[in-house]
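One structure below.
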Amino acid sequence: MNLQRLLGQDKRTALMRKNIFFSFLIKGWSGVVTLLLVPLTLHCLGEYKNGIWLTISSMLIWIDNLDIGLGNGLRNKLATYLAQDDMKKARETVSSTFFMLAIIILPVMFLSIAAVELFDLHTFLNVDASVIPNLGDIMAVSIIFVSTTFIFKFIGNFYLGLQLPAVNNLLVTIGHTLQLVGTWFVYMSGSGSLLLIAMVNTASPLLTYLIAYPITFYCRYPQLRPSFGTFNKHAVRSLFTIGLKFFVLQIAGILLFMSSNILISKLFNPSLVTPYQISYRYFSIVMMVFTIISAPYWSATTDAYARNDMEWICQARRRMDKIVLCIAAILAMMVAVSKPVYALWVGSDVEIPLSLSLLMGVYMLEILASLSYSYYLNGMGALTLQLLMTVGAAVLFIPLTYLFVHIRPHITSVLAVMILVNLPGLIVNRLQFYKITRKNATGIWRS
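The numbers in my numbering rise by one with no breaks, and the one at position 28 of the sequence shown is 51.
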């Protein structure tokens, strides 16, 4: 190995470790905020309204991820162009992403608001109209805020492309903190208004990004500031090439997440979404920790792959294997102590069976093990097989859930199906990673 490559490795690894350290500090506070937000929202709204809000939130994720993969395309392309020291193409990529996001979201926003007015949401979500008479207004306001955030949240992908995930985490955490403060004011007012909760939760991230935009592009990185003059249709085509694959992956993943909440609401009762989501958020603490550690590997892998530094990628993978083993041990302990933790966290108002916690722990381990390979594959642009596996899981999920619930009418049946349909993706991700790193991947295994 020559000296230049060694220095490149050291610089890349040092930057990654620095971001992991600061991300732990930032995400540590974010975890505290999340833990406080769950019981606060529950006590503010009650179990029934809270279940409805969680279902609405999962529906809004559709809008939040309709960027046709442009955000992740920006992340990969920006990292590649900066590794090649091509500032012109880097700025064109940033500008093209920003303006394309605006072009995409405006018609989606108006169509979504029109759909809210035309469809009977109360029947669709199995919501009692006498309890929530203004469900349409809640959805419309939420759509407007989420759609505007959709445009400006590319700032987070911009920092990810710079291999600065800690800054992205900071922006997200500030938004969560504003949500907590706003929810506390709603709680203290005693109104229990679902509309106010929706406004607080959807407007807080937008406010954060609106403040971050001038700081980022006028103070820190003016040479990469979006401008219509640097919009390039060829850059858009390049972003779409990789971005469409990311988009399909996102949509399929969202379908699985959103469908679980809607299916529980429809097949059982909106109130049962609450214990399901509380269990998910409890175990997602581990996902937060895992993401802090592993997210920097994505753009670092893009940089290493652009420089043909396969040795660094293999060394990083060996570190990741140890991380996954530690995660498995932590999840097992979390299952063991889940009962007293729930009681301390949300009180005795919500009953969460041990079987739900056990399956949620297994599901979380499966997803994180799969993601531990996806971060490297995403960085190398190897998306086709991930796309096929994720779409296949999304297609099978709903019919299999109906079948399993018919056999065993319990919300754990939903989780059992989620574990089943995601297992092939984990196996294929592992096989593809080793084929690529051993340089014997061909055809679909390489694309």
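Note that beta-carbon positions come from the ideal geometry of N, C-alpha and C, so glycine has one too.
Measure the CB-CB distance between residue i and residue j and report whether it falls below 9 Å.
{"i": "Y232", "j": "I178", "result": "yes"}
{"i": "T473", "j": "T103", "result": "Residue 473 cannot be examined here, being either before or after the span of the chain that is shown, 24 to 470."}
{"i": "E389", "j": "L449", "result": "yes"}
{"i": "L203", "j": "L60", "result": "yes"}
{"i": "I350", "j": "F291", "result": "no"}
{"i": "V385", "j": "P298", "result": "no"}
{"i": "M39", "j": "A323", "result": "yes"}
{"i": "I442", "j": "L394", "result": "no"}
{"i": "V164", "j": "T225", "result": "yes"}
{"i": "M132", "j": "I75", "result": "no"}
{"i": "I353", "j": "Y399", "result": "no"}
{"i": "M387", "j": "F456", "result": "no"}
{"i": "S378", "j": "T424", "result": "no"}
{"i": "M311", "j": "K50", "result": "yes"}
Identify, in the order they occur along the chain, each residue of the same chain with its Cβ nearer than 6 Å to the Cβ of residue i, setting aside the five sequence neighbours on each side.
{"i": "S361", "result": "S380"}
{"i": "M162", "result": "V139"}
{"i": "N191", "result": "G179, Y182, L183"}
{"i": "R98", "result": "N180, L183, G184"}
{"i": "V56", "result": "H199, T200, L203"}
{"i": "A329", "result": "T103, A106"}
{"i": "F254", "result": "S118, S119, F122"}
{"i": "D451", "result": "Note on identity: in this sequence residue 451 is Val, with Asp being the wrong assignment. The residues are L408, M412."}
{"i": "R114", "result": "L247, T253"}
{"i": "R304", "result": "V61"}
Straight-line CA distance for residue i to residue j?
{"i": "N42", "j": "V414", "result": "32 Å"}
{"i": "L148", "j": "K289", "result": "7 Å"}
{"i": "K345", "j": "A439", "result": "27 Å"}
{"i": "T196", "j": "L272", "result": "25 Å"}
{"i": "P228", "j": "I375", "result": "30 Å"}
{"i": "I238", "j": "F175", "result": "13 Å"}
{"i": "D109", "j": "P188", "result": "21 Å"}
{"i": "L65", "j": "N73", "result": "6 Å"}
{"i": "K256", "j": "I421", "result": "38 Å"}
{"i": "L230", "j": "M343", "result": "35 Å"}
{"i": "F122", "j": "L105", "result": "21 Å"}
{"i": "F47", "j": "F240", "result": "26 Å"}
{"i": "L193", "j": "W52", "result": "10 Å"}
{"i": "S283", "j": "V437", "result": "7 Å"}
{"i": "N25", "j": "D332", "result": "No answer about N25 holds up, because its pLDDT of 42 lies below 50 and its placement is not dependable."}
{"i": "E70", "j": "L391", "result": "29 Å"}
{"i": "Y365", "j": "T206", "result": "21 Å"}
{"i": "W321", "j": "R431", "result": "40 Å"}
{"i": "S302", "j": "S170", "result": "28 Å"}
{"i": "V296", "j": "V418", "result": "22 Å"}
{"i": "V259", "j": "L134", "result": "24 Å"}
{"i": "L30", "j": "F142", "result": "Caution applies to L30, whose pLDDT of 37 falls short of 50 and renders its modelled position unreliable; the model cannot decide the point."}
{"i": "P245", "j": "I234", "result": "15 Å"}
{"i": "Q338", "j": "V209", "result": "49 Å"}
{"i": "Y236", "j": "H433", "result": "46 Å"}
{"i": "L63", "j": "E334", "result": "48 Å"}
{"i": "W368", "j": "G466", "result": "50 Å"}
{"i": "I128", "j": "P249", "result": "18 Å"}
{"i": "L83", "j": "G213", "result": "26 Å"}
Give me, in chain order, the residues of the same chain whose beta-carbon lies closer than 8 Å to that of residue i; leave out the 5 immediate sequence neighbours on both sides.
{"i": "D160", "result": "L218"}
{"i": "A416", "result": "A275, L279, V444, N445, P447, G448"}
{"i": "A152", "result": "H145, L158"}
{"i": "S397", "result": "Q409, N452"}
{"i": "A355", "result": "G384"}
{"i": "R28", "result": "Here R28 scores only 44 on pLDDT, less than 50, and its place in the model is too uncertain to base an answer on."}
Between residue i and the rest of its own chain, which residues show a CB-CB distance below 7 Å, the 5 nearest in sequence each way excluded?
{"i": "I316", "result": "I43, I346"}
{"i": "I308", "result": "G54"}
{"i": "K458", "result": "A464, W468"}
{"i": "I136", "result": "A163, I166"}
{"i": "C67", "result": "T206, V209, Y210, G215, I220"}
Cβ-heavy atom distance between residue i and the ligand NAD below 8 Å?
{"i": "M123", "result": "Absent from the structure shown: the ligand NAD. Ligands present: none."}
Which ranges would you report for the alpha helix (DSSP H) in the stretch 281 to 340 if only whole runs of at least 4 residues count? 296 to 329
Which runs of the alpha helix (DSSP H) fall wholly inside the stretch 55 to 142 and span at least 4 residues, in chain order? 93 to 106, 110 to 141
Curious, which full-length alpha helix (DSSP H) runs of at least 4 residues does the stretch 404 to 431 contain? 407 to 430
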